[in-house]
Amino acid sequence: EPEVTQTPSHQVTQMGQEVILRCVPISNHLYFYWYRQILGQKVEFLVSFYNNEISEKSEIFDDQFSVERPDGSNFTLKIRSTKLEDSAMYFCASCRDLNEKLFFGSGTQLSVL
Amino acid sequence: DQQVKQNSPSLSVQEGRISILNCDYTNSMFDYFLWYKKYPAEGPTFLISISSIKDKNEDGRFTVFLNKSAKHLSLHIVPSQPGDSAVYFCAASGDNAGNMLTFGGGTRLMVKP
Chain A
1 EPEVTQTPSH QVTQMGQEVI LRCVPISNHL YFYWYRQILG QKVEFLVSFY NNEISEKSEI
61 FDDQFSVERP DGSNFTLKIR STKLEDSAMY FCASCRDLNE KLFFGSGTQL SVL
Chain B
114 DQQVKQNSPS LSVQEGRISI LNCDYTNSMF DYFLWYKKYP AEGPTFLISI SSIKDKNEDG
174 RFTVFLNKSA KHLSLHIVPS QPGDSAVYFC AASGDNAGNM LTFGGGTRLM VKP
């Protein structure tokens, strides 16, 4: 079965540094998402992306965050200046249509020191 | 924000018996409900969903029941198998929000052989 691929699986960074989390959604999917799960907390929606623009974003997704689809296959989440509280598992997800199920990647564990 | 709640953090069941996982929600605008399963080091995997126009949806060993008046849904797994041991997340969306999901905190199911 096709998969959403995320790299790296683990990322350690210093507070204040920029990080880019990478995702390759399933190839015929059109809708892309980032979710995150802070340890011991719920999975939270961050942002959705369709047709090369953000369609929805949560309160978490402030101006330190940005997303991009730089080419036909990659979908990235950038955190401009990381904070300790950005430490979390970040999940990329995609779907072909809004009414179809979301496929999640295995996640990138981000640790901000 | 407790719009979707799973009050049981864990559940232990004997192989072959029924597993019942519960979920409550508070937002009346939710009209689509999903269950995801998550193994360690993997992303959530879609299991089954139900629209608010139905009160039951069945897929093999998995059945989801929705009680709109009580704002409650449950996932029944019968018969339970050791491979079902995972964390189960209830999620909801509504008001044409597509796959902008609000997740519950998860229930860890352990199925003992």
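The listed protein sequences correspond, in order, to chains A and B. In terms of this note's numbering, the first sequence opens at residue 1 and continues consecutively. In terms of this note's numbering, the second sequence opens at residue 114 and continues consecutively. Heads up, the beta-carbon is just placed ideally off N, CA and C, and yes, glycines get one too.
TODO: With a floor of 3 residues, list each beta strand (DSSP E) that falls wholly inside the segment 180 to 207 of chain B, ordered by position along the chain.
DONE: Runs of the beta strand (DSSP E) inside the segment 180 to 207 of chain B: 185 to 190, 199 to 207.
- [ ] Could you tell me the distance, in whole angstroms, from the CA atom of A/D63 to the CA atom of B/I131?
- [x] Pairing A/D63 with B/I131, the inter-Cα distance amounts to about 47 Å.
Open item on the list: Spatial neighbours of B/K167 within its chain, please: C-beta separation below 7 Å, excluding the five flanking residues on both sides.
Closed with: For B/K167, same chain residues with a beta-carbon under 7 Å away, outside a window of 5 residues either side, are L179 in chain order.
Task: the segment 182 to 196 of chain B: positions lying closer than 8 Å to chain A by Cβ - done: Answer set for the segment 182 to 196 of chain B: empty.
TODO: Assuming A/M89 and A/Q17 form a contact by the criterion Cβ under 8 Å, report the distance between their Cβ atoms to the nearest whole angstrom.
DONE: Actually they do not touch by this definition, with Cβ atoms about 19 Å apart.
TODO: Would you verify that the beta carbon of A/V19 is, or is not, closer than 8 Å to some beta carbon of chain B?
DONE: The C-beta of A/V19 comes no closer than 8 Å to any C-beta of chain B.
Task: Nearest residue (CA-CA) to A/S94, options A/F45, A/E85, A/L110, A/S87 - done: Out of A/F45, A/E85, A/L110, A/S87, A/F45 has the C-alpha closest to the C-alpha of A/S94.
TODO: Name the one or two DSSP bridge partners that A/T116 has.
DONE: Residue 116 of chain A is absent from the model: chain A starts at 1 and stops at 113.
Open item on the list: Which same chain residues end up closer than 8 Å to A/S58 when comparing Cβ atoms and leaving out the 5 residues on each side of it in sequence?
Closed with: Contacts found: E44, F45, L46, V47.
- [ ] Indicate whether B/F143 and B/G217 have their beta-carbon atoms separated by less than 8 Å.
- [x] The criterion of a C-beta distance shorter than 8 Å is not satisfied by B/F143 and B/G217.
TODO: Compute the beta-carbon to beta-carbon distance between A/Q6 and A/C92, rounded to the nearest angstrom, for a pair I have assumed lies under 8 Å.
DONE: Between A/C92 and A/Q6 the Cβ distance is about 5 Å, and since that is below 8 Å, they are a contact.
TODO: Name, please, each residue of chain A whose Cβ falls closer than 7 Å to the Cβ of B/E155.
DONE: Those are S106, listed as they occur along chain A.
- [ ] Run down chain A in chain order and give the residues with a C-beta less than 7 Å from the C-beta of B/M213.
- [x] The answer, in chain order, is F45, S48, E56.
TODO: Output yes if chain A places a C-beta closer than 8 Å to the C-beta of B/F202; else output no.
DONE: Closer than 8 Å to some Cβ of chain A, the Cβ of B/F202 qualifies, so yes.
TODO: Count the C-beta pairs between the segment 77 to 88 of chain A and the segment 160 to 177 of chain B that are closer than 8 Å, then say yes if the count reaches three, no if not.
DONE: At 8 Å Cβ cutoff, the stretches do not touch.
Open item on the list: Could you tell me the alpha carbon to alpha carbon distance between B/P192 and A/K78, rounded to whole angstroms?
Closed with: So the alpha carbons of these two residues sit roughly 44 Å apart.
Task: Given B/L214 as reference, the closest of A/R96, A/S73, A/E56, A/V112 once Cα atoms are compared - done: Checking every option, the nearest Cα to that of B/L214 belongs to A/E56.
TODO: Would you list the one or two residues that DSSP bridges to B/I161?
DONE: In the DSSP secondary-structure assignment, B/I161 is bridged to B/W148.
Task: CA nearest to the CA of A/L113, picked from A/E1, A/M15, A/F103 - done: When each option's Cα is compared against that of A/L113, the closest is A/M15.
- [ ] Return the residues of the segment 79 to 110 of chain A that lie within a Cβ-Cβ distance of less than 7 Å from chain B, sorted by chain order.
- [x] Against chain B - using a Cβ distance shorter than 7 Å - the residues of the segment 79 to 110 of chain A are F91, C95, L98, K101, L102, F104, G105, S106, G107.
- [ ] Figure out for me which residue from A/E68, A/E100, A/L98, A/S111 has the closest Cα to the Cα of A/C23.
- [x] Distances from the alpha-carbon of A/C23 to those of A/E68, A/E100, A/L98, A/S111 put A/E68 closest.
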